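> One structure coming up, written as structure tokens, with questions to follow.
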Amino acid sequence: MASMKVDILFSKEKGQILYLEAGKDFIDLLMALLRMPTANMIRLLTEGGITAKRSVGIFNVFSSADKLDRSYMKVDKSFVVNPSPPEGTQVHLLGWQEVRQQPASGGYFTCSTSNHLYVALGPGAKCGSCGRIMTQNIEPRHGYTLNESATLYTCYCRSYLANSETSCDCCGNYMDQQLTLVPVVAEQLSGGFVKETLTFMVTDNLEFFPSSTIKSISLLNTLGVKSMADLESYETTVTKDHALALVQAALTSTSALNDVFGSLVATRKK
Numbered sequence: 001m002a003s004m005k006v007d008i009l010f011s012k013e014k015g016q017i018l019y020l021e022a023g024k025d026f027i028d029l030l031m032a033l034l035r036m037p038t039a040n041m042i043r044l045l046t047e048g049g050i051t052a053k054r055s056v057g058i059f060n061v062f063s064s065a066d067k068l069d070r071s072y073m074k075v076d077k078s079f080v081v082n083p084s085p086p087e088g089t090q091v092h093l094l095g096w097q098e099v100r101q102q103p104a105s106g107g108y109f110t111c112s113t114s115n116h117l118y119v120a121l122g123p124g125a126k127c128g129s130c131g132r133i134m135t136q137n138i139e140p141r142h143g144y145t146l147n148e149s150a151t152l153y154t155c156y157c158r159s160y161l162a163n164s165e166t167s168c169d170c171c172g173n174y175m176d177q178q179l180t181l182v183p184v185v186a187e188q189l190s191g192g193f194v195k196e197t198l199t200f201m202v203t204d205n206l207e208f209f210p211s212s213t214i215k216s217i218s219l220l221n222t223l224g225v226k227s228m229a230d231l232e233s234y235e236t237t238v239t240k241d242h243a244l245a246l247v248q249a250a251l252t253s254t255s256a257l258n259d260v261f262g263s264l265v266a267t268r269k270k
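Quick note on the numbering used here: the sequence shown kicks off at 1 and runs consecutively.
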């Protein structure tokens, strides 16, 4: 993967970041946070050694759930503390990539050949036995909340899915056919969220918009910049540590850019 670079504009007198300019990759990183389950965010921060503000309530909720003995759980604990991310969320800097799709409005799909025991969470996946696109719609058993991260079962009539061996609502037979989940590659979103040709301005509190001269002048006026001679641009590479710090700052701070990148420009202060 090519390195992610951003241009930071800062005040030399104050040693303070005003905004940065970035390409598609940085904006995709920010937008991916909107699609990331809270538990995944907390796990990334914890495993990445981010300890500040860990006393915040949601961290304690995660820690308590993670420590809770599985015997107390009605569902597989990983369904709560390590949920499957949505499709297209590929944040390589965070070491976090997902290619499964959430169930489409059409539901779940399996192979029309009854002894081919594969299922996909959305249309377009190929059967692991015959290689054909799986087109047969299959639904969760009536009144049943399906846990997609646990084992899936069906019967020979292929009408319903369940997480345990139980009787089928359609034919009455025992649902003892264990299915293998086939990932659906989210081709449409695998290239990220915004177009490659755009450059964006990102403010200290992580507002972003397409770059333009008018926007730049307006933002500098809003920030009270009096002299263009006080401004300096600095290019830097966004590292994994920066990305993790951005996740934390996005949740807790109104000065995210200065929190994450401030040390890079502090030494360049007049």
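Beta carbons are placed, not taken as given, at the ideal position from N, Cα and C, and that holds for glycine.
Since we're looking at a predicted model, the values are computed, not measured.
Could you tell me how far apart the beta carbons of Thr110 and Ile138 are, in whole angstroms, since I believe they sit closer than 8 Å?
Start at 1 with the first residue of the sequence shown, and residue 110 comes out as number 110. Start at 1 with the first residue of the sequence shown, and residue 138 comes out as number 138. Confirmed, about 5 Å.
> Use the C-beta contact count for Gln101: other C-beta atoms within 10 angstroms, 16 or more gives buried, fewer gives exposed.
Along the sequence shown, read from residue 1 onward, the residue named residue 101 stands at position 101. Only weak support exists for where Gln101 lies, its pLDDT of 41 falling under 50; the value from the coordinates is given anyway. By the 10 Å Cβ count, Gln101 comes out buried.
> CA-CA distance, Gly88 and Glu196?
Position 88 of the sequence shown, counting from 1, holds the residue named residue 88. Position 196 of the sequence shown, counting from 1, holds the residue named residue 196. For Gly88, the predicted structure reports a pLDDT of 49, less than 50, and the residue's modelled location is therefore unreliable. The matter cannot be settled from this model.
> Since Phe208 and Leu29 should fall inside the 8 Å C-beta cutoff, what is the C-beta to C-beta distance between them, to a whole number of angstroms?
Along the sequence shown, one-based indexing puts residue 208 at 208. Along the sequence shown, one-based indexing puts residue 29 at 29. No, Phe208 and Leu29 are not in contact; Cβ-Cβ is about 11 Å, not under 8 Å.
> Which same chain residues end up closer than 6 Å to Thr166 when comparing Cβ atoms and leaving out the 5 residues on each side of it in sequence?
For the purposes of this step, residue 166 is identified with residue 166 of the sequence shown, where counting begins at 1. Here the set comprises Met175.
> Tell me the residue span of the beta strand (DSSP E) that contains Asn137.
Numbered from 1 along the sequence shown, position 137 holds the residue referred to as residue 137. That run of the beta strand (DSSP E) goes Gln136 to Pro140.
> Find the nearest neighbour of Met36 within the set Val81, Asp241 and His116, judged by alpha-carbon distance.
Mapped onto the sequence shown, residue 36 falls at position 36. Residue Val81 is the option with its Cα nearest to Met36.
> Find out if the Cβ-Cβ distance for the pair Ala162, Tyr156 is shorter than 9 Å.
Translated into the one-based positions of the sequence shown, residue 162 becomes position 162. Translated into the one-based positions of the sequence shown, residue 156 becomes position 156. No, the pair does not count as a contact, with Cβ atoms beyond the cut-off.
> State the Cα-Cα distance for the pair Ile133 and Tyr160, rounded to the nearest angstrom.
Here residue 133 refers to the residue found at position 133 of the sequence shown. Here residue 160 refers to the residue found at position 160 of the sequence shown. Roughly 19 Å between the two C-alpha positions.
> With DSSP as the reference, label Gln102 as helix, strand or coil.
To locate residue 102, count along the sequence shown from 1; it is residue 102. Model confidence at Gln102 stands at a pLDDT of 43, short of 50, so the residue's coordinates are unreliable; what they give is reported in the following sentence. Gln102: coil per DSSP, three-state reduction.
> From Phe193, Ala243 and Thr254, pick the residue whose C-alpha is nearest to that of Lys24; which is it?
Translated into positions along the sequence shown, residue 24 becomes position 24. Answer by Cα proximity: Phe193.
> For the beta strand (DSSP E) containing Thr237, list its first residue and its last residue.
By one-based count along the sequence shown, residue 237 stands at place 237. From DSSP, the beta strand (DSSP E) with Thr237 extends over Leu231 to Val238.
> Please classify Ile8 as buried or exposed, where buried requires at least 16 other C-beta atoms within 10 Å of its C-beta.
Sequence index remark: in the sequence shown, residue 8 carries index 8 (1-based). Buried, since its Cβ has 16 or more Cβ neighbours within 10 Å.
> Determine which residues share a DSSP beta bridge with Thr110 and list them.
Your numbering for residue 110 matches position 110 in the sequence shown. Paired residues: Val119 and Gln136.
> With a CB to CB cut of under 8 Å and the five nearest residues on each side skipped, what residues in its chain are close to Cys130?
Translated into the one-based positions of the sequence shown, residue 130 becomes position 130. Cys111, Thr113 and His116, listed in sequence order.
> Leaving out five residues on either side along the sequence, give the residues of the same chain with a beta carbon under 8 Å from the beta carbon of Leu264.
The sequence position of residue 264 within the sequence shown is 264, counting from 1. Only Ile8, Tyr234 and Thr236 meet the Cβ criterion.
> Let's test the definition: count the other Cβ atoms within 10 Å of the Cβ of Asn60 and tell me whether it reaches 16, buried, or not, exposed.
One-based indexing of the sequence shown puts residue 60 at position 60. Exposed is the call here.
> Leu223: buried (16+ other C-beta within 10 angstroms of its C-beta) or exposed?
Position 223 of the sequence shown, counted from the first residue, corresponds to residue 223. Leu223 comes out exposed.
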